[in-house]
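Here the structure comes first, spelled out in structure tokens, and everything after it is commentary.
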Amino acid sequence: MTPHAHNPAPAQDRARKLEALGRVPREVYDLLAASPMPLKAYELLWRLQEKRGRRAPPSTIYRAVSVLIDQGLVHKIESRNAFIVCSAPDKAHDPVFLVCERCKSALETDGSAAMDAVRERVKEAKFRPLHLNFVVSGTCRNCEESK
Ligand SMILES: [Zn+2]
Ligand SMILES: [Zn+2]
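Position in the sequence shown (from 1) plus 73 gives the number in the numbering used here.
In structure tokens form, the structure reads like this:
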């Protein structure tokens, strides 16, 4: 295999992981994957209830997202208290989120290089970080073009 050959394994890994997680995390993942916007827990709950046609306790969502986050399939955007599917679940990375203030869409980009530097400074400050989770707010390409 050449170093540049496309490797289809990550998508399969993701499908296999999701399969193993069970129905609710899979449903929650699908809801997040279908949304261009990050969703808050109560929005996920509404959508899940709508899909199923019956009520579900909020704990259903919290359990499902925590499993998805543990598996690296979903990120929580801490400052927005919202969830988004990871765009690169096959590799270790520090996500930086580009959040559009107009259409509320969010894109994930890999901030690993910058985050390593931040982590060093955080360590120097003898600060114990809980979350390292950055948001760049602004205007997305679509909104910028339709101005
Ligand atoms: Zn990610
Ligand atoms: Zn936008």
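All C-beta atoms in this analysis are idealised placements derived from N, C-alpha and C, irrespective of residue type, glycine included.
Using only Cβ atoms and a threshold of 7 Å, which residues come within that distance of a heavy atom of ligand 1? Order them by chain position. His148, Cys159, Ser160, Ala161, Pro162, His166, Pro168 and Glu181
Rounded to whole angstroms, what's the CA-CA distance from Ser152 to Arg127? Just pull it up for me. Counting only the Cα atoms, Arg127 lies some 30 Å from Ser152.
Return helix, strand or coil for Pro109, following the three-state DSSP convention. coil
In this structure, how does DSSP classify Glu174 when only helix, strand and coil are distinguished? coil
Is it the case that the CB of Arg175 approaches a heavy atom of ligand 2 more closely than 8 Å? For Arg175, the CB falls within less than 8 Å of some heavy atom of ligand 2.
From Val140, Ile142 and Tyr115, residue whose alpha carbon lies closest to that of Pro130: When each option's Cα is compared against that of Pro130, the closest is Tyr115.
Closest residue to Val209 among Glu174, Leu203 and Ala84 (Cα-Cα distance): If we check each option's Cα against that of Val209, Glu174 comes out closest.
Cβ pair Ala165, Leu171 closer than 9 Å: no
Once DSSP output is grouped into helix, strand and coil, what is the label at Ala168? In the sequence as presented, Ala is not what sits at residue 168; that position holds Pro. Three-state DSSP puts Pro168 in a strand.
Cutting at 7 Å between CB atoms, please list the residues of its own chain near Asp86, excluding the five before and the five after it. Closer than 7 Å at Cβ, skipping near neighbours: Asp163.
Continuous beta strand (DSSP E) assignments of at least 3 residues falling wholly in the stretch 139-215: 147-150, 155-158, 168-173, 179-183 and 207-211
Kindly indicate which residue of Val140, Glu123 and Val191 has the alpha-carbon position closest to the one of His204. Val191
Expressed to the nearest angstrom, what Euclidean distance is found between the alpha-carbon atoms of Gly184 and Ser132? 31 Å
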